[in-house]
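Chains as they are written, first to last, in my numbering: chain Y, 1 to 134; chain L, 1001 to 1487. Backbone N, C-alpha and C define an ideal beta-carbon position, used for all residues, glycine too. Comments concern the structure below.
Spelled out as structure tokens, the structure:
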């Protein structure tokens, strides 16, 4: 069974979407390690190491995602899991910005897939399966 | 009617407690220097003679059981994967089983690490790493490392369940002494203590006390059943929770200041006790023990000195009119010093205060401020002890000092440390008769009796005069909708 670590990064307490993600991924047959809200980058990495995770899926809903998400890839490299797929989604930047630019910005930070506001988790499943080699 | 004899083979003293089940009380207590270096039975027989003298006759006992921390106690190495996760879980299991964690390693072991295990004369190695179904590469690497370097010590494997078979294969390949039990962290941030703790106890009783020459005593008594700190832990847990209709004391903290170590126990649930914090980190056990190997009244007197900053040391010297460096060095070099005048009692009091303050600082949970777009938030790491009702003290320095209250009160000391969740205005009790370890033993035979005796013999020494004060509440501003980027 493939393992996915998911959680809400930074000082963000939006819990509903996080629960929905956990529910959908579990139904898809994944071992979901949900570290919940208010999670630091270190929490994601530690969880991924101990559980031997195949993917990290980061949520951010409160607009400060750009600050919170920066540096996660570098820390993964430092922690020995540099190749792990990193996905991010939610309201990851402040205000209404051109999402194509946002996507480039986050890809440059080392995220493999970046999802626009309002993307349901079901829509990301094909990408998840692709990255997990399924 | 039955009579029981409980013995605590301590590092310095062998302590005897005789109990009568009919009067539901202690008949007498006695002690003598522990003689484990020559023959442990000598010290026991001498203590027994002293006990008979106190009673006035030689009586027979229906059951004689003991616990031991003699010959260096139980020294363990805790190995895990991530420092904050499985290493921490492994450490907590060792401490909960009454061991001293001499070494803790994360990630891959190096040759140097394995050499340290040999040099420090570790008794048992606890190998963990990975959640069930999680990482297995690291534990297998570490297991091979231990095997290749010829580690024949008992190794308890309490890591990822999935590689138990491979672990056993490596064990047989290198003819290692390996015991498999449940994972200390089966799921992320979930702590699983009982299985590994039982295994530690089993090995302690089967191998370690034999190797240390303690087993010999079993010709004279029925059995040694626990390491002393675990016995104290059981006594404290019983005292806190109560037994059947006999109520306990509720949430408590217990401090044991010894010659070599200071042990801190807290019995309370680990959940957040205030609404404005989020609890983070690995799950905390109800019965938590930490042991400070560098804080003690004699063998570790220099560690006490080193735990202070230069500023703190100067402050104490100035306030108390003493020379800490001189006094503490003297005690380190003369470990059998027993205070005989006011000045020496004062030095012991100061040392005791430092031990209590520093041990609590390392044991207690703390809050961490987090600046967010919605204002300040607090994360809580560790246990919130601010609602603790009783603090119980044990150990020679408290029993012998004329002011044990002043020493124990340092658990509340929050000068310059406002974010520590220390007890606030608890009541203080003293284990004046040195019975806690014995009561842990007795609780294995008759928990109700042990509880009643503890409640009777722990002596109130002050505190808790006011109604428990509310911990200073930090103002918490709920997130305002229009400040939040999502809405």
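Note down, in chain order, every chain Y residue with its Cβ under 7 Å from the Cβ of residue i.
| i | result |
| --- | --- |
| residue 1397 (chain L) | Per Cβ cutoff of 7 Å: no residues; residue 1397 (chain L) is ~40 Å from chain Y at best. |
| residue 1085 (chain L) | 46 and 50 |
For residue i, go through chain Y and note every residue whose CB falls closer than 8 Å to its CB, in chain order.
| i | result |
| --- | --- |
| residue 1081 (chain L) | 49 and 50 |
| residue 1135 (chain L) | 49, 50, 51 and 52 |
Does any CB atom of chain L fall closer than 8 Å to the CB of residue i?
| i | result |
| --- | --- |
| residue 31 (chain Y) | yes |
| residue 38 (chain Y) | yes |
What would DSSP say about residue i, mapped onto helix, strand or coil?
| i | result |
| --- | --- |
| residue 1009 (chain L) | strand |
| residue 1300 (chain L) | coil |
| residue 1279 (chain L) | strand |
| residue 44 (chain Y) | helix |
| residue 1470 (chain L) | Residue confidence for residue 1470 (chain L) is low, a pLDDT of 47 falling below 50, so the modelled location carries little weight; the figure read from the coordinates is stated next. In this structure, residue 1470 (chain L) counts as coil in the three-state DSSP scheme. |
| residue 1223 (chain L) | strand |
| residue 1078 (chain L) | strand |
| residue 1364 (chain L) | coil |
| residue 21 (chain Y) | helix |
| residue 1149 (chain L) | coil |
| residue 1265 (chain L) | strand |
| residue 1337 (chain L) | coil |
| residue 1251 (chain L) | coil |
| residue 30 (chain Y) | coil |
| residue 1066 (chain L) | strand |
| residue 125 (chain Y) | helix |
| residue 1460 (chain L) | strand |
| residue 6 (chain Y) | strand |
| residue 1258 (chain L) | coil |
| residue 1439 (chain L) | helix |
| residue 1143 (chain L) | helix |
| residue 1427 (chain L) | strand |
| residue 57 (chain Y) | strand |
So with Cβ pairs under 8 Å, would you call residue i a contact of chain Y?
| i | result |
| --- | --- |
| residue 1250 (chain L) | no |
| residue 1278 (chain L) | yes |
| residue 1066 (chain L) | no |
| residue 1131 (chain L) | yes |
| residue 1188 (chain L) | yes |
| residue 1477 (chain L) | Confidence in residue 1477 (chain L) is poor, its pLDDT being 46 and thus under 50, which makes the residue's placement unreliable; the coordinate value appears in the next sentence. No - not a single Cβ of chain Y is within 8 Å of the one on residue 1477 (chain L). |
Interface residues of chain L around residue i at Cβ under 9 Å?
| i | result |
| --- | --- |
| residue 11 (chain Y) | 1370, 1371, 1372, 1373, 1374 and 1377 |
Please state if the CB of residue j and the CB of residue i are separated by a distance shorter than 8 Å.
| i | j | result |
| --- | --- | --- |
| residue 1044 (chain L) | residue 1220 (chain L) | yes |
| residue 1003 (chain L) | residue 1061 (chain L) | yes |
| residue 1263 (chain L) | residue 1229 (chain L) | yes |
| residue 1425 (chain L) | residue 1395 (chain L) | no |
| residue 1376 (chain L) | residue 1419 (chain L) | no |
| residue 1251 (chain L) | residue 1387 (chain L) | yes |
| residue 1041 (chain L) | residue 1216 (chain L) | yes |
| residue 1131 (chain L) | residue 1194 (chain L) | no |
| residue 30 (chain Y) | residue 85 (chain Y) | no |
| residue 1065 (chain L) | residue 1027 (chain L) | no |
| residue 51 (chain Y) | residue 124 (chain Y) | no |
| residue 1163 (chain L) | residue 1126 (chain L) | no |
| residue 1080 (chain L) | residue 1128 (chain L) | yes |
| residue 1075 (chain L) | residue 1099 (chain L) | yes |
| residue 1317 (chain L) | residue 1303 (chain L) | no |
| residue 21 (chain Y) | residue 57 (chain Y) | yes |
Q: Please specify which runs of the alpha helix (DSSP H), each continuous and at least 4 residues long, are wholly inside the region 1103–1139 of chain L, giving them in chain order.
A: Counting only runs of 4 or more, we get 1111–1119.
**Q.** Ordered list of beta strand (DSSP E) runs contained in the region 1381–1414 of chain L, each at least 3 residues
**A.** Those beta strand (DSSP E) runs which fall completely within the region 1381–1414 of chain L and span 3+ residues are 1390–1394.
Q) Can you list the beta strand (DSSP E) stretches of 3 or more residues lying completely in the region 1154–1219 of chain L, in chain order? A) Counting whole runs of 3 or more residues, the region 1154–1219 of chain L contains the beta strand (DSSP E) stretches 1154–1157 and 1177–1180.
Q. Hey, which unbroken runs of the beta strand (DSSP E) at 3 residues or more fall wholly within the region 70–120 of chain Y?
A. DSSP assignment within the region 70–120 of chain Y yields the following whole beta strand (DSSP E) runs of 3 residues or more, N-terminal first: 86–90 and 113–115.
Q | Whole runs of the alpha helix (DSSP H) within the region 1004–1061 of chain L, excluding any shorter than 4 residues | A | Taking 4 residues as the shortest admissible run, the region 1004–1061 of chain L contains the following complete alpha helix (DSSP H) segments, listed from N- to C-terminal end: 1040–1055.
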